[in-house]
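Protein chains in written order, with the working numbering: chain G, 25 to 278; chain U, 6 to 421.
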């Protein structure tokens with residue numbers, strides 16, 4: 025059978041719709057790629073699959089029946105890695121799960137499933153880093169604002185943590201590389217995107233938009249950070265392992 | 006900005022940094038809709054110092070004025086250092102503002118002893134109380150219990166704190182008396198015993214009613230200073246094991262002595278014993294998470310941990326009869342004893358083998374340290390005939406080359 029490439033709109037539901045379509049058409053899949061990333065080829069005729077929420081739900085349900093919430097979580101989190109051909113690993117999982125009588129989620133003998141777990145571990149690490157490295161700055165309109173550049177698209181996974189922690193504050197965490205943020209208004213979280221102009225302003229929050237005492241607390245935090253160091257124990261390698269340099273840009277203490 | 010606050014913060018965080026406890030874990034505290042902060046049971050390290058230690062809590066002393074003269078402590082009465090004291094309001098303000106900005110998980114508050122233990126403890130408790138009740142702060146609070154403080158104050162501290170701790174510091178009574186004339190084991194162990202009872206009682210109450218107030222839900226911890234006194238690892242780990250068993254401690258911290266003091270009651274050392282400290286933590290982990298008994302790790306014939314080899318590997322090489330372990334058949338508990346296999350990879354192995362036999366190629370990808378584990382296991386297509394079971398040969402393969410070299414040239418005392 026000829027292998028066919030499917031394209032989708034880059035959303036998770038879109039990917040699940042494409043997987044559903046591959047079953048419906050009974051085709052062998054060569055690749056599944058976001059339509060925007062697809063490079064025209066002389067040798068193949070891709071099929072574009074529109075996102076269909078009902079189809080996506082049926083795939084989720086199917087996965088859930090085989091592997092429960094854990095399996096669905098695993099696949100969604102791995103999808104957020106944006107890794108090239110993550111779609112094929114997810115497709116492999118769905119196909120393996122559907123064929124098997126056992127729950128294959130923990131089948132670490134299967135190289136591709138093991139690979140998914142490795143990706144999931146990286147996602148988990150990045151989520152944890154965001155819990156740790158988000159630094160809020162208080163603006164005059166009382167919004168605690170943080171800019172981040174996470175390795176993976178983890179914002180959808182971190183809102184819950186900050187909502188539980190800061191329910192009585194307004195806060196914004198903005199992913200400057202992916203051009204969107206999560207904004208919490210003391211009631212619910214919304215996904216927001218700024219116009220280009222605001223975007224530039226966000227990159228470096230200027231003193232004018234911050235509260236008067238904000239710089240003071242930043243200085244206090246920095247001096248705290250410096251004075252808890254014990255020079256006799258210096259261990260730069262360990263330090264860099266825990267706080268990789270790419271995160272320094274937005275860390276108040278660095 | 007108030008320069009005086011900055012100076013106080015520098016003095017009082019510098020003085021607090023030798024307490025190595027950093028955990029913000031072990032306590033679950035839910036937030037309220039109008040409150041600030043929570044604890045989920047898992048701590049978060051918000052940043053790391055240049056020496057690679059986690060910064061999780063705002064760790065400060067309320068004051069470094071102290072009436073005691075403990076040789077190991079920078080704040081001892083006879084030491085000529087700048088002194089400062091925070092007001093209650095200042096500590097509360099720093100905690101709330103640092104927390105709001107996601108710098109910290111909460112507050113670790115200790116203090117030099119001024120006037121008397123009760124007077125000091127009363128102020129620590131007041132800060133915690135104000136954070137919890139006035140500011141609805143539900144983040145992590147670790148309070149030091151001041152030895153000699155009244156039971157009423159300890160009781161109150163437990164109502165606001167997530168974790169309480171009293172530091173033993175010196176691993177034997179003899180050493181403690183030598184360097185801390187005002188202290189003895191009794192003054193430290195008594196409050197620990199009291200808190201243990203209270204924590205256990207509270208757990209029972211909370212089982213009956215979820216509405217019962219929490220009492221130090223993250224338990225208690227302590228710290229032992231390593232290398233400032235002559236105790237062997239056997240004595241140190243025996244004490245730690247007793248503290249875990251008898252006093253139900255959550256954590257014992259080991260703090261390699263840093264030569265902060267020219268006090269002649271303490272030995273002169275050039276470098277803190279960081280490798281020994283690391284080995285003690287490894288041994289501690291083996292006792293708490295890997296099912297090892299104290300006697301598996303140190304005994305009268307091996308009273309000190311091997312600096313060139315981790316204690317798990319050292320155990321394996323002393324007990325060849327247990328190995329090799331068959332990865333496809335052995336119990337989880339036995340797999341955990343294999344050098345190079347941690348809790349996570351042991352669990353993975355047990356899950357994966359349900360789907361079929363495991364071969365070397367599977368194991369190599371599962372995240373265990375193959376170059377260590379391979380000497381101690383068999384699996385479907387791997388046995389260890391290639392080296393045989395010669396502990397000395399294996400030791401050569403897996404021990405730290407750098408450390409062994411240092412040991413052979415008799416310079417290990419440098420690290421000791």
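Backbone N, C-alpha and C define an ideal beta-carbon position, used for all residues, glycine too.
Taken in chain order, the members of the segment 91-109 of chain U whose beta-carbon sits within less than 8 Å of a beta-carbon on chain G are 99, 102, 103, 105, 106, 107, 108. Relative to the Cα of residue 151 of chain U, the nearest Cα in the group U:160, U:22, U:49 belongs to U:160. A Cβ-Cβ contact shorter than 8 Å links residue 280 of chain U with residue 312 of chain U. Following the DSSP letters along the chain, one finds residue 92 of chain G inside the alpha helix (DSSP H) bounded by residues 77-103.
Within the segment 167-194 of chain G, those residues whose Cβ lies closer than 9 Å to any Cβ of chain U are, in chain order, 168, 170, 185, 186, 188, 189, 190, 191, 192, 193.
Residue 42 of chain U places its beta carbon 8 Å or farther from that of residue 159 of chain G. Burial state of residue 272 of chain G is exposed, judged by a 10 Å Cβ sphere holding fewer than 16 other Cβ atoms. Excluding five sequence positions before and after residue 203 of chain U, the CB atoms of its chain that fall closer than 8 Å to its own CB belong to 159, 160, 163, 220, 221, given in chain order. Between residue 84 of chain U and chain G, the shortest Cβ-Cβ separation is not below 8 Å.
Nearest to residue 128 of chain G by alpha-carbon distance, out of G:150, G:157, G:96, G:106, is G:96. The DSSP assignment places complete alpha helix (DSSP H) segments of no fewer than 4 residues inside the segment 201-234 of chain G at 220-227, in order along the chain. In this structure residue 55 of chain U touches residue 253 of chain G by the C-beta definition: roughly 5 Å separates them, less than 8 Å.
Looking at the DSSP output, residue 59 of chain U sits in a beta bridge with U:53. Given a length threshold of 3 residues, each whole run of the beta strand (DSSP E) inside the segment 231-303 of chain U is given here in chain order: 256-261.
Secondary structure of residue 83 of chain U (DSSP, three-state): coil. Between residue 132 of chain U and residue 71 of chain U, the C-beta gap is not smaller than 8 Å, which leaves the two residues out of contact. Residue 149 of chain U places its beta carbon 8 Å or farther from that of residue 201 of chain U.
Within its own chain, the residues whose Cβ lies closer than 8 Å to the Cβ of residue 210 of chain U, once the five positions on either side in sequence are excluded, are 217, listed in chain order. Under a 10 Å Cβ-count criterion, residue 176 of chain U is classified as buried, with 16 or more other Cβ atoms of the shown protein chains found around its own Cβ. Across the set U:237, U:338, U:333, the C-alpha of U:237 shows the shortest separation from the C-alpha of residue 304 of chain U. Among the residues facing chain U, residue 62 of chain G is not included, as its CB has no counterpart in that chain under 8 Å away.
Using a Cβ-Cβ cut-off of 8 Å, residue 138 of chain G counts as an interface residue toward chain U, since at least one Cβ of chain U sits closer than that to its own.
Taking a cut-off of 8 Å for Cβ pairs, the segment 254-263 of chain U and the segment 226-246 of chain U touch, as three or more such pairs fall below it. With a cut-off of 8 Å on Cβ pairs, the segment 108-122 of chain G is not in contact with the segment 147-162 of chain G, counting fewer than three such pairs.
A residue is called buried when at least 16 other Cβ atoms come within 10 angstroms of its Cβ; residue 47 of chain U does not meet this threshold and is exposed. By DSSP's assignment, residue 91 of chain U forms no beta bridge with any residue. With a threshold of 8 Å between beta carbons, residue 146 of chain G makes no contact with chain U. In terms of Cα proximity to residue 90 of chain U, the closest of U:114, U:84, U:342 is U:114. Taking C-alpha positions only, residue 175 of chain G is separated from residue 151 of chain G by approximately 10 Å.
Of all alpha-carbon atoms in U:165, U:157, U:125, the one lying nearest the alpha-carbon of residue 135 of chain U is that of U:165. Beyond the five residues adjoining it in sequence on each side, residue 143 of chain U comes within less than 6 Å, by CB distance, of 34, 36, 40, 42, 43 in the same chain, given in chain order. Residue U:299 holds the alpha-carbon nearest to the alpha-carbon of residue 243 of chain U among U:299, U:226, U:269.
In the displayed model, residue 111 of chain U falls within a strand according to three-state DSSP. Remark: fewer than three beta-carbon pairs, one from each stretch, lie closer than 8 Å, so the segment 61-81 of chain U and the segment 256-275 of chain G are not flagged as touching. Around the beta carbon of residue 219 of chain G, a 10 Å sphere encloses fewer than 16 other beta carbons of the protein chains shown; the residue is thus reported as exposed. Of all alpha-carbon atoms in U:294, U:12, U:310, the one lying nearest the alpha-carbon of residue 337 of chain U is that of U:294.
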